[in-house]
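Colleague: Just so we're aligned: 85 in this note's numbering is position 75 of the sequence shown, and the numbers increase by one with no gaps anywhere.
Beta carbons: idealized from backbone N, C-alpha and C, even for Gly.
In this text, all values refer to a predicted model and were calculated from it rather than measured experimentally.
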Amino acid sequence: MSAFLYLTFRDQVDLHTYFQFASDKTEAELIEHRRNVHALDRSLPHRAGRAYARLIRGERAPATSSALSDGSRISVRAIVRPEIDFRMLAKALLYTAMDQEKRRSDEEDQAA
11 MSAFLYLTFR DQVDLHTYFQ FASDKTEAEL IEHRRNVHAL DRSLPHRAGR AYARLIRGER
71 APATSSALSD GSRISVRAIV RPEIDFRMLA KALLYTAMDQ EKRRSDEEDQ AA
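1. Contact defined as beta carbons within less than 8 Å: I believe A61 pairs with L17. What is the distance between those atoms, to the nearest angstrom?
2. Does the pairing of the segment 49-59 with the segment 86-96 give three or more beta-carbon distances under 8 Å?
3. Just to confirm my understanding: we take R67, look at its own chain, exclude 5 residues before and 5 after, and list those with CB closer than 8 Å. What are they?
4. Check S12 in the structure and name its three-state DSSP category.
5. Could you tell me which of S85, M108 and E69 sits nearest to S76, measuring between CA atoms?
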């Protein structure tokens, strides 16, 4: 399990944007990237540094929590990917649409 799981969304985005962990860039390219990013967002190096410190210390941001209709609670944590996985996003949207259509169909069957 990734330690990123315990960081906030914003911390994960800042780390990916600044440090480019998943990149195959050379060290010189990464240094140039950080210089360019700093010019566009002056506080990003500081935010990413603080997020990295929280990661190293093992700090845990609170999970998003929701109550279900039966009274139980679930907690959800998200891991930010450095790039959008369009295949996974399309799959999630397709399953959501299929589920909504099934529910609509079931409701129509019950009403008939």
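Modeller: With the structure as the only source:
1. 6 Å
2. no
3. none
4. coil
5. S85
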